[in-house]
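**Student:** This is the structure I have questions about; it appears just below.
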Amino acid sequence: MRSSSPSTRKRVILLSAEIVAGFLFWLFSNKNLTNPTKLAVYQASVLFVLLYGAEICMVHYKHSKILESFHIKCLQYILDVSWEGRLPHRTILERCNSFSIKSLIVKCQLHWTDHLIRMPTPASIVLSSTGTDRTPTVP
2 MRSSSPSTRK
12 RVILLSAEIV
22 AGFLFWLFSN
32 KNLTNPTKLA
42 VYQASVLFVL
52 LYGAEICMVH
62 YKHSKILESF
72 HIKCLQYILD
82 VSWEGRLPHR
92 TILERCNSFS
102 IKSLIVKCQL
112 HWTDHLIRMP
122 TPASIVLSST
132 GTDRTPTVP
C-alpha cells in the first residue's frame with residue numbers, strides 16, 4: 002500500500018495492529034488460557050505488526066507515545082487490569098516480562114543496522130539510499 006504522507010502510513014500501521022488485536026479479542030478474554038500463552042500470541046501477532054511498521058516508517062516522539070499507549074492498553078487487557086487499578090506502566094511491563102515500545106523499536110533498528118553493515122557493499126548502498134534522484138556511487 003502506498004500513501005502520500007508518513008503520518009497516514011503510521012495511522013494505517015496502528016489501525017492494522019488494532020484490527021489484529023480485534024480478531025484476537027476472543028483469545029485475550031478466554032479465562033481458560035494462561036497469561037503467558039496470551040502474551041506469546043500478542044507478541045507474535047500484534048507486536049509484530051507494530052514493530053514491522055516502525056521499521057518501514059520513521060517514528061517520531063508523538064507517534065511513539067500513541068504506540069506505547071496502545072501497547073499498554075493491550076497488555077492491561079491481557080492481564081485483566083482496569084485503568085482503575087492505577088498500575089504504573091513499568092509494573093505492567095514487568096508482569097508481562099515485556100519492554101516499552103521505544104526500546105523494542107530501538108532494538109529493531111539496531112538489528113536492521115547490523116544487517117546492513119554485514120551486507121556486501123552494493124546491496125547496502127541500494128538499501129540505505131536516501132530516496133534522492135541521484136544514482137548511488139560505489140566507493
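Using the working numbering, the letters of the sequence shown correspond one by one to residues 2 to 140. By construction, the Cβ of each residue, glycine as well, lies at the ideal position given by its N, Cα and C atoms. Please read all numbers here as calculations on a predicted model, not as lab measurements.
1. If you draw a straight line from the alpha carbon of A22 to that of C75, how long is it in whole angstroms?
2. Provide the residue span of the alpha helix (DSSP H) that contains T92, from first to last.
3. Taking DSSP as the reference, what is the three-state secondary structure of L32?
4. Give the single residue among H116, S104, N31, L111 whose Cα lies nearest to the Cα of L48.
5. Starting from the Cα of C97, find the closest Cα among I106, N33, V82 and give me that residue.
6. Could you tell me how far apart the beta carbons of V42 and L25 are, in whole angstroms, since I believe they sit closer than 8 Å?
7. Using 10 angstroms around the beta-carbon of L16, count the other beta-carbons present and answer buried if the total reaches 16, otherwise exposed.
8. Just the C-alpha distance for P137 and M120, rounded to the nearest angstrom, thanks.
**Tutor:** With the structure as the only source:
1. 8 Å
2. 90-97
3. One point to set straight first is that residue 32 is Lys, not Leu, in the sequence displayed. Coil, per DSSP.
4. S104
5. V82
6. 6 Å
7. exposed
8. Because the pLDDT of P137 is 49, which lies under 50, any placement of that residue in the model is unreliable, and the number read from its coordinates should be weighed accordingly. So the two alpha carbons sit approximately 16 Å from each other.
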